[in-house]
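Colleague: Below is a structure I'd like to ask you about.
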Amino acid sequence: MALERRTNTRVTTGVAGVLVLLLLKINGASPMTTSATATFATLGDSGPSLSSPVITTPTTVPPEQAMEHQHADSESSLRYTDGRSDEFDQEEPEEPLVLPVKSTSPKGLSLTTTPVVRVVPIGGARANDEPHTSTHDPTFSADDEIEPSAPQNLTVLEVTSTTIKLTWREPEKANGAIHGYRVYYIHLNQTELHMPILKLSEMQNSVYHYTLSNLKPFTEYRILVTAFTKKHDGKPSEVAQRTDVSGPSAPKVVNLTCHSHNALYYGWRIPQTFYNTIDLYIISYRNIAYHEFREIRITVNASILETSLIIPNLTTNSVYEVKVRAASFSVINPKQIILGSYSEPRKISLQANCEKAPLTSLRQAYDDYNLAVLAGIVFSCFVLLLIVLALILWKKCFHAAYYYLDDPQPCQGSQAGLIDWEGPSDVGGEVRCPVPVADFAKHVAQLHADGDIGFSKEYEAIQGEALNDEYPSENSQHPENKGKNRYLNVIAYDHSRVHLRQVPGQKKHLDYINANFIDGYQKPRAFIGTQGPLPGTFDCFWRMIWEQRVAVIVMITNLVERGRRKCDMYWPKDGTETYGIVQVRLVKEDVMATYTVRTLHIKHLKMKKKKQSQQEKIVYQYHYTNWPDHGTPDHPLPVINFVKKSTTANPADGGPIVVHCSAGVGRTGTFIVLDAMLKQIEAKGTLNVFGFLRYIRAQRNYLVQTEEQYIFIHDALVEAIDSGETNIKAEAIGGLVNHLDYIDGQYKLIISYQPKEINLTSSLKPVNAIKNRSSLVPLEGSRVHLTPKPGVEGSDYINATWLHGFRRLRDFIVTQHPLIETFKDFWQMVWDHNAQTVVLLSSVDNMSFLQFWPNESEPIESDYYRIRLVSETSEGDYIVRSFVIQSIQDDYELNVKMFENPAWPDMNNTRSIFDFVLRVHERCSEYRNGPIVVVDRYGGFQACQFCCISSLAMQLEYDRTANIYTYAKLYHNRRPGIWTSYDDIRQIYRILSYMPPDLGLLRCTELRTEFDDAAMMTATPDLYSKICSNGSINNQLTGGGGGAGGGGGVSTPDAMGNGTTTHANAPTMQPPSGATTNSMANAQPLHMTMVGGPPPAGVQGVGVAATAATLQNGGTVIVKMNGEDNDELSVVVATGNHHLNLDHNQS
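The sequence shown begins at 1 in the UniProt record's numbering and counts up one residue at a time.
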């Protein structure tokens, strides 16, 4: 008798009513053995078709055994038998253990996502065996079958991160012969499905146990179980269950450095993948001389993710190994901790020279005390004499002249040991060469591969080399200088430190400041890297600014970060402050979205006047305010623009640019490397980040302090290469409208970022998904939060996103047209965030986009406030509504104006676009605290276009340039999907090309410049001319144009760091002809105020210099724009002795 072996193979066609040719290779046939195959077609639950038998005898040995193939959707079945029987077996094929049928759904249920189906036979019985019939109806005929009732007691027994174990009992009414059960399951976060093989465990007392496996962690699943007979699917039983979290991925270690002689500083990045929350970090460390690890556990605060710590109480001159893992609390059993993977272990040698403040032994302290008593007795004999001598010396030194050297100072110290960084670098036998610009993106991608392993190796090589290079820093270690160091381990190398000039009578070591000269690209001593000044070093800092001819200070820290003092305020908050022998006055402060520019007037109080020397000068402080408390910025574009703008502001004859953060090493080094590489790109078309950082680390220690900063430099340079120059002059915008290849290239870069599922955690929660109109949803880091209701999941969610503007990081809220379920959420958002201006760009209908505001007779009420309509007026193409939101609990109320313009943008009347923008911002200028809420149908293109046009129109009025690319890309990164084609970007170019030069958005910013110190204008006419003339100091340096008609002014940056911003109203003020210091010495304060918009075309400025020469008793200069279109300009000069009116023809 021949041995028979049956094998089933299923092939999915997924096609109905179409002729399909199927080719299938059958493996596992025995050589020289006749095999019979038969093909059946099935559709859903129908029986098989007639078979098509084929008999064949393979003659070669197959490479492997036959296996079962499984496919989704409706299936065909192909089976062969092994043996020499001439009779083909045409029995109905057995029911497979797993039958994924995506096209099947439980009767009576509507699923929004295609489920996965598992078919489970009864007790593993074959279909040709006697089917199971319920004992409740033993005489039921197959012809009379109706659908079975739902399985009973469907419950979840066990849950892990990837499995859910189910149990149920058979239906109360089988209504026929039950062939098996179908298990439908669907996860509600997304439509991507995994299809694990489900095994049926043994049946006990008609209770069935199933385990769904290969599920996604922390995912809500909807599970339905139905019984089925030959003809019918039964009613479903349903249960919902969320899987547990799994352990976070390994954190990335970014810093392991010596903190002191017995402590280490350890820093890491949060894991890239985690579920729900990270609740715990476990740091394991050991002395490699021992096997046991010790642990430190850090509980993570909900609002602050600590990713660094100091490991104390270690042994000096030992090697330590450190690693970290994250952990999450189970959502099934909160007492259970789910551990993540460990980071890659790092080793470090803890050396004695880390010690900055050696301890004194008790015996030595006792001896020192006795010696001090004896010395004190002797010292007291001379104390009165010393006091007298000190007073005499102080008086002599205080009145001694301090001479300003007009010639550059000679080089101080040597640069021994510095390397030639522009060529190949050989470190540890591995040669690293400069990378051509064309290959740099590929080079960075290779460094990112395998968890940034390439970056880790390069940075470790730099760190290791720095540890081996011991440059002397004796001045930093001097007892009288230690107090001048903000951090004990951040010192100034002697060979490159900045020496303060010797003051007569001053001790030699008092020339110390914690600052080093650092080279730029092909420019020695281009920078001074220094720490954030301490109160005790303010005078030293300003002496350095004066002596080194510094014109630009770059500050890359906030005064306080994460509750810790990072820098002290070394400039006056307003008015004038004196720091030692330098007087500093705040002239102007321009606060932008990502940084602030302060114009500072400094004057030397102890300098003797020399021919052609200056006693006072202007210094610009560029203060970057948007570097996060830890880590690196979210996107490099604002940083790149800041680097370009601040370095360009330095005059050709200016001294080094002073750069500082807190310690003057991490962010400071990042800034300097970025500037040097941008210049190397322009000069040579190559980059050598590795070589340059090695080079400058021999000039100041720890530059680019963490691996994360090193990676950020590379990513920023890739962005700079890809985007090129993005700041476009006003006159060039119109010409680019028809450059389709250029705009299409920008569009592809703009939309290149694609968010991960972890960025959409709140948006995709089932409780929040019903609040979204479309796939346009907010990302976790930029979504608007509502005040949560205790115990109500998702009560803090609304489909709304923060966007930055020209002046503020949170200038706009972009949101969808509210659904009927989210009407109150919308007004809650307005209330919570004090938003007093709403722009509605969607039209209202009676179907999907309903009216969400109250009528005059029907206010809207919530638990906390009442909203009522006050007025409704039509203003041309748009409607303006006024609302009052009154608090129910107190007397507070919020006035809100809504501008409805469903025709936005009207491309047939571009002037109306800008008039509408101006009208909205005029309203906003009345209430400057809250954001502008912009609404369109889905919170998409129209709303973001309005925000772009508003911000860019303001930038154009400032400096006649627009950075469309930067705004569009950063908006996309916060709300992906808003731009759907390059035509969206092109339309912004087209609209801006029609912008009128006299729009007047600047009036909404209330930009005003005041000079309150006549000494600045009268004592130094040259300096006064530089500040007030056409083409201010910055404009002379950068070549930046002024406002309309070429008017200039003090140059400041825009919100994104794009170019300069020019006070277009500033008149031309030249020093009086032949004026001398003596003739103007008695002048009183002159107040100059700018009122109105920019001067009319052709007006180059107003000359008032002649009157400045004769102002003896104080006075006021008022520049006014008159006429309906600001087409008349008048100047009034009023003093105690003079009253003079000028019009623009007298300029």
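Beta carbons are placed, not taken as given, at the ideal position from N, Cα and C, and that holds for glycine.
Run through DSSP, which three-state label would Gln-1112 get?
Modeller: Low local confidence applies: a pLDDT of 34 at Gln-1112 is under 50, so the model's placement there is unreliable, with the coordinate-based value given in what follows. For Gln-1112, the three-state secondary structure derived from DSSP is coil.
Colleague: What first and last residue would you give for the beta strand (DSSP E) that runs through Glu-577?
Modeller: 576 to 579
Colleague: Can you grab the Cα-Cα spacing for the pair Arg-1003 / Tyr-221, in whole Å?
Modeller: 56 Å
Colleague: If we ignore side chains and look at the alpha-carbon of each, how far apart do Asp-439 and Glu-725 end up?
Modeller: 19 Å
Colleague: So, at 6 Å on beta carbons, what are the nonlocal neighbours of Pro-905 in its own chain, with the 5 sequence-adjacent residues on each side left out?
Modeller: Ile-913
Colleague: Look up Ala-466 in the DSSP assignment and say whether it is helix, strand or coil.
Modeller: Three-state result, Ala-466: helix.
Colleague: Could you pull out every residue in the same chain whose Cβ sits closer than 6 Å to the Cβ of Asp-675, ignoring the five residues on either side in sequence?
Modeller: Cβ within range, chain order: Val-643 and Thr-647.
Colleague: On the criterion of 16 or more Cβ atoms from any shown chain inside 10 Å, does Asn-973 qualify as buried, or is it exposed?
Modeller: buried
Colleague: Put Pro-535 into one of helix, strand or coil per three-state DSSP.
Modeller: helix
Colleague: Tell me the residue span of the beta strand (DSSP E) that contains Arg-169.
Modeller: In the DSSP annotation of this structure, the continuous segment of the beta strand (DSSP E) that includes Arg-169 starts and ends at 164 to 169.
Colleague: How do the segment 855 to 871 and the segment 887 to 895 stand: do at least 3 beta-carbon pairs fall below 8 Å, yes or no?
Modeller: yes
Colleague: Return the CA-CA distance between Val-880 and Gln-336, expressed in angstroms with no decimal places.
Modeller: 56 Å
Colleague: How long is the line joining the alpha carbons of Gln-446 and Thr-822, rounded to whole angstroms?
Modeller: Distance between the alpha carbons of Gln-446 and Thr-822 is about 46 Å.
Colleague: Can you have a look at Gln-680 and say buried or exposed, based on whether 16 or more other CB atoms are within 10 angstroms of its CB?
Modeller: Within 10 angstroms of the beta-carbon of Gln-680 lie 16 or more other beta-carbons, which makes it buried.
Colleague: Spatial neighbours of Ile-743 within its chain, please: C-beta separation below 6 Å, excluding the five flanking residues on both sides.
Modeller: Tyr-982, Ile-985 and Arg-986
Colleague: Give the range of the alpha helix (DSSP H) segment to which Val-673 is assigned.
Modeller: 666 to 684
Colleague: When DSSP builds the beta bridges, which residues end up paired with Tyr-865?
Modeller: In the DSSP assignment, Tyr-865 is bridged to Ser-887.
Colleague: If you follow the beta strand (DSSP E) that Pro-524 is part of, which residue opens it and which one closes it?
Modeller: 523 to 530
Colleague: Arg-294 and Leu-280 - do their beta-carbons sit closer together than 8 Å?
Modeller: At the C-beta level, Leu-280 and Arg-294 stay beyond 8 Å of one another.
Colleague: Tyr-290: buried (16+ other C-beta within 10 angstroms of its C-beta) or exposed?
Modeller: exposed
Colleague: Determine the closest residue to Trp-268 out of Ser-249, Asn-153, Phe-671 and Leu-779, with distance taken between C-alpha atoms.
Modeller: Ser-249
Colleague: Grab me the residues of Gln-816's own chain with a C-beta within less than 6 Å of its C-beta, minus the 5 sequence neighbours each way, in chain order.
Modeller: Arg-773, Asn-799, Tyr-938 and Gly-939
Colleague: So, is residue 1157 buried or exposed, given that buried needs 16 or more other C-beta atoms within 10 angstroms?
Modeller: Nothing can be reported for residue 1157: it is not among the residues displayed for the chain, which extend from 1 to 1147.
Colleague: Could you tell me the boundaries of the beta strand (DSSP E) in which Ile-518 lies?
Modeller: 515 to 520
Colleague: Give the DSSP-derived three-state secondary structure of Ile-310 in the structure shown.
Modeller: strand
Colleague: Ordered along the chain, which non-local residues of its own chain (more than five positions away) have a Cβ less than 7 Å from that of Tyr-570?
Modeller: Pro-533, Phe-538 and Phe-541
Colleague: Do Leu-786 and Ser-795 have their CB atoms nearer than 8 Å?
Modeller: Against a cut-off of 8 Å, the Cβ pair of Ser-795 and Leu-786 comes out as a contact.
Colleague: I need the straight-line Cα distance from Gly-781 to His-232, nearest angstrom please.
Modeller: 49 Å
Colleague: Within its chain, find whatever has a CB closer than 6 Å to the CB of Ser-871; leave out the 5 residues flanking it on each side and keep chain order.
Modeller: For Ser-871, where only same-chain residues beyond five positions count, the Cβ hits under 6 Å are Ser-882.
Colleague: Should Val-319 be labelled buried (16 or more other beta-carbon atoms within 10 Å of its own) or exposed?
Modeller: exposed
Colleague: Can you tell which of Glu-682, Asn-641, Leu-314 and Tyr-753 has the C-alpha that lies nearest to the C-alpha of Asn-287?
Modeller: Leu-314
Colleague: Under the DSSP definition of a beta bridge, which residues are partnered with Thr-229?
Modeller: Partner(s): none; Thr-229 has no beta bridge.
Colleague: Give every residue of the same chain whose Cβ lies closer than 6 Å to the Cβ of Glu-321, excluding the five residues on either side of it in the sequence, and list them in chain order.
Modeller: Arg-286, Ile-288, Pro-345 and Lys-347
Colleague: Could you name the residues of the same chain whose beta carbon sits closer than 7 Å to that of Glu-922, not counting the 5 residues immediately before and after it, in chain order?
Modeller: Cys-1004
Colleague: Could you give the first and the last residue of the continuous alpha helix (DSSP H) run that contains Cys-947?
Modeller: 941 to 959
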